[in-house]
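Notes for the one structure printed next.
Residue numbers (this note's numbering), protein chains in the order written: chain A, 1 to 424; chain B, 425 to 848.
Quick look at the structure:
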């Protein structure tokens with residue numbers, strides 16, 4: 001793994017996949033087709049892309065029961081405990097509607113309301129990601145969203161992975177449809193005969209799913225378009241090289257474009273981690289992916305001191321940040337930009353991926369400068385509440401009218417004045 | 425104004441202005457040019473579009489002092505009082521970072537951090553909108569954003585409107601640049617020699633500004649792309665027709681594509697409001713704009729009863745909602761979708777535009793189903809904090825590793841296990 005001297009500007013940014021013009025056209029056509037032909041279009045695309053002919057998209061209760069039968073009890077118990085942890089962490093984020101009152105009778109406030117409905121996309125393919133189901137569904141459920149829909153592409157037998165179905169049931173999903181790709185996004189954005197539209201779509205997917213989410217954005221809300229995974233580890237010579245290397249590789253195995261970075265003032269640690277990465281890499285099942293990721297996007301930055309290392313971390317604004325230093329907690333106040341911050345050697349990043357409770361859907365590609373982990377606020381919206389009394393309007397009406405006239409908006413001024421005049 | 429029977433589906437949605445292909449190309453070229461040539465490009469475009477040759481874009485202190493000299497003291501006092509109200513309402517939204525502790529040593533939490541920097545766009549043209557400056561800047565300031573930049577196109581004399589400069593100073597802006605259009609968005613998104621880049625851009629603008637914001641989104645954050653203004657008034661026969669009509673017109677005067685709707689179970693009120701609208705319209709300075717808006721997008725929906733009227737309102741998800749009924753406050757719990765809710769006859773919509781305190785930047789075009797007024801959360805981000813103790817990892821490590829292996833991510837499992845083994 002390459003050890004580099006820090007340059008003036010470091011960045012985790014990789015170009016965002018915006019798709020080819022052809023891919024964009026395909027997605028636009030699929031969406032238009034689903035809007036026009038509904039279920040018939042879904043059936044056609046499912047046959048074409050997933051190679052299965054479905055009479056109904058809805059997952060019946062029987063298939064969920066079968067899924068439980070296929071999973072080890074111990075695994076179901078782990079899913080349940082993880083779900084409890086995630087639920088508990090997100091419940092602590094709930095805020096009440098609030099109001100403030102003034103003696104003149106004015107009442108102002110914010111009414112907090114859950115979204116009516118949310119659709120969660122779960123990718124298909126060879127691997128099943130039940131953790132992704134938990135992380136997307138549970139916050140919506142805790143936020144009070146009444147209708148949560150899950151969509152995911154079926155295999156050639158017309159089934160979804162058992163682990164995904166179990167996670168969906170444990171998270172509290174009651175509507176699951178076997179449909180994937182851009183056609184699934186179109187279906188839940190605009191509705192078909194058998195699938196009602198939702199207000200927001202979350203969850204990861206391939207380039208076609210990402211393009212479709214961009215396309216329907218505005219008509220419905222979407223979560224972020226996530227980039228490849230990232231980790232930055234801020235460590236001093238109290239850290240163990242083998243543990244640091246293992247954590248770097250846990251991101252590198254996700255994707256050839258994943259990015260794993262160590263930032264340290266210790267040249268000794270840097271050299272030891274570099275060696276450890278090579279050794280551990282050779283033993284990984286996904287070593288091809290991880291090797292490309294480390295070669296193309298891995299780096300060890302050696303800094304003059306810890307303060308410079310923290311500067312680097314803030315410039316990177318990483319999705320995941322581990323702090324493995326003496327008195328790591330003392331550094332928390334200096335860290336301005338990171339999606340999730342893991343402090344201390346026992347807080348290995350996978351702890352947060354699966355189990356601890358905070359969300360694993362995190363801002364990537366430097367967007368932790370201005371974005372947050374998926375959270376309760378993503379599934380609730382606020383409405384301002386304004387109640388003016390007669391006295392409040394009498395006291396302030398003339399000022400409001402003067403402000404409106406200053407902006408050339410006479411009808412605004414008159415709307416206030418007609419009330420003052422009517423009361424005379 | 426047309427009185428219509430309610431159909432099954434009502435909607436305020438108007439097509440979103442996405443710009444022509446030519447406009448999109450112009451904007452892309454301007455952005456590329458500013459990224460490459462910096463201030464020189466800004467100077468060229470400012471000469472071309474604003475017809476003024478500027479040696480420096482920064483507004484000097486002297487021009488701000490001159491602006492105060494040009495404004496009536498009474499107006500400055502109103503701006504100051506409005507700013508105080510806006511500040512006070514937004515301060516109430518502040519949340520602390522929080523943590524939760526467990527007996528096994530686990531600490532989980534959310535660290536709330538203000539964005540480093542925000543840029544506010546203020547449109548130019550014939551009218552000056554100081555209220556827009558207050559509404560965009562003050563929440564950022566209250567949220568703790570250290571650097572707030574304002575950009576606005578200069579007039580042919582190279583000046584900004586006095587009211588805008590006064591509002592900017594009262595709101596606490598310390599950097600103001602005379603640059604507008606797509607070139608201004610490019611400058612604050614990517615930086616030039618004289619203007620440093622920001623992390624988020626808010627504020628309204630023309631189609632070129634809107635397209636530029638879409639284009640830079642992802643590299644920086646943006647607020648919503650606002651559509652034309654909307655009001656829905658839910659009223660029964662306790663409402664005065666002249667007041668209802670005046671409020672409908674206060675939105676209609678904004679824009680020919682603004683949308684003003686009355687929803688009422690009272691045919692009597694419907695007929696009286698329809699007449700009043702015609703009469704008041706004739707006397708408005710901006711009657712041409714308001715007439716087109718009322719003709720094209722105005723409607724009075726007469727419903728069977730109040731419950732049906734509330735259903736209609738929830739379907740519309742209006743930007744502004746006035747509730748002028750007996751016991752209006754009792755209906756608040758039934759209103760699920762609205763940007764700002766004004767209750768009672770003294771809570772005329774302009775009260776919220778200028779003075780009461782809640783933000784006037786609100787979700788339009790039905791997006792109140794899933795979006796919120798501009799608020800403190802828009803200028804802060806959260807980072808998850810995860811601290812696992814030795815005991816926490818010992819108790820849960822095997823479960824985390826099993827979950828990771830279930831998803832085929834062996835390096836994740838090993839990152840946890842290496843710690844358990846090292847401690848043996």
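Even for Gly, the Cβ is constructed at its ideal location relative to N, Cα and C.
(request) Examine chain B for any beta-carbon lying closer than 9 Å to the beta-carbon of residue 148 of chain A, and answer yes or no. (result) no
(request) Give the range of the beta strand (DSSP E) segment to which residue 49 of chain A is assigned. (result) Residue 49 of chain A -> not in any beta strand (DSSP E); alpha helix (DSSP H) instead, spanning 39-50.
(message) In the DSSP assignment, the beta strand (DSSP E) including residue 658 of chain B goes from what residue to what residue?
(response) Judged by DSSP secondary structure, residue 658 of chain B falls within the beta strand (DSSP E) whose first and last residues are 654-659.
(request) Note the first and the last residue of the continuous alpha helix (DSSP H) segment covering residue 590 of chain B. (result) 586-595
(request) In the DSSP assignment, find the alpha helix (DSSP H) that holds residue 691 of chain B and state where it starts and stops. (result) The continuous alpha helix (DSSP H) containing residue 691 of chain B extends over residues 691-705.
(request) May I ask you to list, following chain order, the residues of the segment 613-644 of chain B that have a beta carbon less than 9 Å from some beta carbon of chain A? (result) The segment 613-644 of chain B vs chain A, Cβ under 9 Å: 623, 624, 642, 643, 644.
(request) Could you pull out every residue in the same chain whose Cβ sits closer than 7 Å to the Cβ of residue 704 of chain B, ignoring the five residues on either side in sequence? (result) Counting only Cβ-Cβ distances below 7 Å, and skipping sequence neighbours, we find 669, 670, 673.
(request) Could you tell me whether the Cβ of residue 180 of chain A comes closer than 9 Å to any Cβ of chain B? (result) no
(message) DSSP three-state label for residue 4 of chain A, please.
(response) Looking at residue 4 of chain A - three-state DSSP - the assignment turns out to be strand.
(request) For the segment 828-846 of chain B, enumerate the residues whose C-beta is nearer than 9 Å to any C-beta of chain A, in chain order. (result) 828, 830, 831, 832, 833, 834, 835, 836, 837, 838, 839, 840, 841, 842, 843, 846
(request) Could you list which residues in chain A have their beta carbon closer than 8 Å to that of residue 666 of chain B, in chain order? (result) 418, 422
(message) I'd like to confirm the pairing. Which residues does DSSP put opposite residue 301 of chain A in its beta bridges?
(response) A:4, A:263
(request) List the endpoints of the continuous alpha helix (DSSP H) containing residue 76 of chain A. (result) If you look at residue 76 of chain A, you'll find it in the alpha helix (DSSP H) that goes 73-91.
(message) Taking its Cβ as the centre, do 16 or more other Cβ atoms sit within 10 Å of residue 254 of chain A, making it buried, or is it exposed?
(response) buried
(request) Counting only the same chain and skipping the five closest in sequence on each side, list residues whose C-beta sits under 6 Å from that of residue 475 of chain B. (result) 580
(request) Report yes if the C-beta distance between residue 764 of chain B and residue 737 of chain B is below 9 Å; otherwise report no. (result) no
(message) Just checking: is the beta-carbon of residue 344 of chain A within a distance shorter than 9 Å of some beta-carbon in chain B?
(response) yes
(message) I want to see whether chain B comes within less than 9 Å of residue 367 of chain A, judged by CB atoms only; does it?
(response) yes
(message) Across the segment 823-842 of chain B and the segment 396-414 of chain A, are there enough close Cβ pairs to call them in contact, namely three or more that are closer than 8 Å?
(response) No: fewer than three Cβ pairs fall under 8 Å.
(request) Using a Cβ cut-off of 9 Å (strictly closer), state whether residue 238 of chain A contacts chain B. (result) Interface criterion not met: the Cβ of residue 238 of chain A is under 9 Å from no Cβ in chain B.
(request) Could you give the DSSP three-state label for residue 484 of chain B: helix, strand or coil? (result) coil
(message) Once the 5 residues before and after residue 512 of chain B are set aside, which same chain residues still bring their CB inside 7 Å of it?
(response) Answer for residue 512 of chain B: 781, listed in chain order.
(request) Give a yes or no on whether the minimum CB-CB distance between residue 565 of chain B and chain C is below 9 Å. (result) No chain C is part of this structure, whose protein chains are labelled A and B.
(message) Is there a C-beta anywhere in chain A that falls below 9 Å from the one on residue 652 of chain B?
(response) no
(request) Check whether the segment 346-362 of chain A touches the segment 726-737 of chain B, taking contact to mean three or more Cβ pairs, one atom from each stretch, closer than 8 Å. (result) no
(request) State the start and end residues of the unbroken beta strand (DSSP E) segment that holds residue 808 of chain B. (result) Judged by DSSP secondary structure, residue 808 of chain B falls within the beta strand (DSSP E) whose first and last residues are 804-811.
(message) Any beta carbon from chain B within less than 9 Å of residue 292 of chain A's own beta carbon?
(response) No, no contact with chain B.
(message) Just to make sure I have the definition right: I need the residues of chain A whose C-beta is within less than 9 Å of the C-beta of residue 710 of chain B. Which are they?
(response) Those within 9 Å of residue 710 of chain B in chain A are 408, 409, 410, 411.
(request) Look up residue 337 of chain A in the DSSP assignment and say whether it is helix, strand or coil. (result) Residue 337 of chain A falls in the coil class under three-state DSSP.
(request) Report yes if the C-beta distance between residue 716 of chain B and residue 680 of chain B is below 9 Å; otherwise report no. (result) Going by C-beta atoms, residue 716 of chain B is nearer than 9 Å to residue 680 of chain B.
(message) Against chain A, does residue 670 of chain B count as a neighbour if the rule is that its beta carbon must be under 9 Å from one of theirs?
(response) yes
(message) In the DSSP assignment, the beta strand (DSSP E) including residue 322 of chain A goes from what residue to what residue?
(response) Residue 322 of chain A: member of the beta strand (DSSP E) spanning 320-324, first to last residue.
(message) So with CB distances below 8 Å, who are the chain A contacts of residue 569 of chain B?
(response) Those do not exist, as residue 569 of chain B stays about 11 Å from chain A at its closest Cβ, beyond 8 Å.
(request) Could you check if residue 444 of chain B is buried or exposed, using at least 16 other CB atoms within 10 Å of its CB as the buried criterion? (result) Within 10 angstroms of the beta-carbon of residue 444 of chain B lie fewer than 16 other beta-carbons, which makes it exposed.
(request) Please decide whether residue 129 of chain A counts as near chain B, where near means a Cβ-Cβ distance under 9 Å. (result) yes
(message) Check this for me: beta carbons of residue 209 of chain A and residue 266 of chain A, under 9 Å apart or not?
(response) no
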